[in-house]
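Peer 1:
Number of protein chains: 2
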Amino acid sequence: MMEEIKFDGNGLITAVLQDASNNEVLMVAWMNAEALRLTQMTGEAHFWSRSRRELWHKGFTSGNVMRVRELRIDCDRDTLLLKVIPNGPACHTGEQSCFLAELD
Amino acid sequence: MMEEIKFDGNGLITAVLQDASNNEVLMVAWMNAEALRLTQMTGEAHFWSRSRRELWHKGFTSGNVMRVRELRIDCDRDTLLLKVIPNGPACHTGEQSCFLAELD
Chain A
265 MMEEIKFDGN
275 GLITAVLQDA
285 SNNEVLMVAW
295 MNAEALRLTQ
305 MTGEAHFWSR
315 SRRELWHKGF
325 TSGNVMRVRE
335 LRIDCDRDTL
345 LLKVIPNGPA
355 CHTGEQSCFL
365 AELD
Chain E
265 MMEEIKFDGN
275 GLITAVLQDA
285 SNNEVLMVAW
295 MNAEALRLTQ
305 MTGEAHFWSR
315 SRRELWHKGF
325 TSGNVMRVRE
335 LRIDCDRDTL
345 LLKVIPNGPA
355 CHTGEQSCFL
365 AELD
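Protein chains in written order, with my numbering: chain A, 265 to 368; chain E, 265 to 368.
1) With R256 (chain A) as the anchor, note down where its beta strand (DSSP E) starts and where it stops.
2) I believe N351 (chain A) touches R331 (chain A) by the beta-carbon criterion, under 8 Å. Please report the beta-carbon distance rounded to the nearest angstrom.
3) Once DSSP output is grouped into helix, strand and coil, what is the label at T357 (chain E)?
4) Which of the residues in the stretch 280 to 293 of chain A, read from start to end, lie with their CB under 8 Å from any CB of chain E?
5) Taking the alpha-carbon positions, what's the H321 (chain E) to L276 (chain E) distance?
6) If we define contact as Cβ-Cβ less than 7 Å, is F363 (chain E) a contact residue for chain A?
7) Quick one: measure Cβ to Cβ for S361 (chain E) and L302 (chain E), integer angstroms, because I've assumed they're closer than 8 Å.
8) Give the DSSP bridge partners of S313 (chain E), in chain order.
9) Closest to A365 (chain E) by CA distance: which of A:R336, A:V348, A:A365 and A:P353 is it?
10) In three-state terms, what does DSSP make of L367 (chain E)?
11) Who does K270 (chain A) pair with in a DSSP beta bridge?
12) Can you pull the chain E neighbours of R336 (chain A), defined as C-beta to C-beta under 8 Å?
13) With 8 Å as the limit, tell me which residues of the stretch 301 to 317 of chain A have their beta carbon closer than that to any beta carbon of chain E; keep them in chain order.
14) Who are the Cβ neighbours of V223 (chain A) in its own chain at under 6 Å, not counting the five residues just before and after it?
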């Protein structure tokens, strides 16, 4: 239930997207309550864009929507894990995952 | 390099821990620059505990340290992905992963 979810001081919750087929971590983004509601209602990942300050239906323009197969929450109830079936690359660079760069 | 990493307004960066053996997402926590430096220096995950407001060497007391096999950063350079070899359960409940609860 929505009241059991701990949004942060900005009304946001961190969401990790994982490819349901191979468990690759695709991206991390943030949801507000409305983005979470739309995600649950439509079965496609919605976020709150912190840079654009607007709701963001991931893949709405590119077609690379992320269909949600499982929606999990962690033990602290302040982070979400979405197992998704990507309809295309998650990353704006065209790569499947946003996490391709090694640090150092 | 440290200057290429985008810490947020609180000096923190989100870090996703993933089991290197099976790609299971174990937990999400936050690092400040010092936690990241210690992680890179020791090869074991360190975080900034937002609730206790202190550096946190994960597993220091329990023995369940998270040995870092890969350290990746996303395309925005504001989120980290650590592929780790867990020396025990990641979750304080004793479960391997913090993400066992389904939402709804």
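Glycine included, C-beta positions come from ideal geometry on N, C-alpha and C.
Note that the coordinates shown come from a computational prediction; the quantities given were computed from them, not determined experimentally.
Peer 2: The structure says:
1) Shown here, chain A extends from 265 to 368; a query on residue 256 (chain A) therefore has no answer.
2) Counting from 1 along the first sequence, the entry for residue 351 (chain A) is found at position 87. Counting from 1 along the first sequence, the entry for residue 331 (chain A) is found at position 67. That pair is a contact at about 7 Å.
3) For the purposes of this step, residue 357 (chain E) is taken as the residue at position 93 of the second sequence. In this structure, DSSP gives T357 (chain E) a state outside helix and strand, which the three-state scheme calls coil.
4) Contact annotation: in the stretch 280 to 293 of chain A, residues whose CB is within less than 8 Å of a CB in chain E are V280, Q282, N286, N287, E288, V289, M291 and V292.
5) Position 57 of the second sequence, counted from the first residue, corresponds to residue 321 (chain E). Position 12 of the second sequence, counted from the first residue, corresponds to residue 276 (chain E). Each residue's alpha carbon lies about 16 Å from the other.
6) Stepping through the second sequence from its first residue, residue 363 (chain E) is reached at position 99. Taking Cβ atoms only, chain A reaches closer than 7 Å to F363 (chain E), which makes this a yes.
7) Indexing the second sequence from 1 puts residue 361 (chain E) at position 97. Indexing the second sequence from 1 puts residue 302 (chain E) at position 38. In this structure, S361 (chain E) and L302 (chain E) do not form a Cβ contact; the two beta carbons are roughly 23 Å apart against a cut-off of 8 Å.
8) As a first step, residue 313 (chain E) must be located in the second sequence, where it is residue number 49. When beta bridges are read from the DSSP output, S313 (chain E) appears opposite E:E318.
9) Mapped onto the second sequence, residue 365 (chain E) falls at position 101. Relative to A365 (chain E), the option among A:R336, A:V348, A:A365 and A:P353 whose CA is nearest is A:R336.
10) The residue you call residue 367 (chain E) lines up with position 103 of the second sequence. In the structure shown, L367 (chain E) sits in coil (DSSP, three-state: anything other than H, G, I, E or B).
11) In the first sequence, counting from the first residue as 1, residue 270 (chain A) sits at position 6. Answer is none; K270 (chain A) lacks a bridge partner.
12) Residue 336 (chain A) sits at position 72 when you count from the first residue of the first sequence. Those are F363, L364, A365, E366 and L367, listed as they occur along chain E.
13) Against chain E - using a Cβ distance shorter than 8 Å - the residues of the stretch 301 to 317 of chain A are Q304.
14) Given that chain A is displayed from residue 265 to residue 368, the structure contains no residue 223 (chain A) and the question cannot be resolved.
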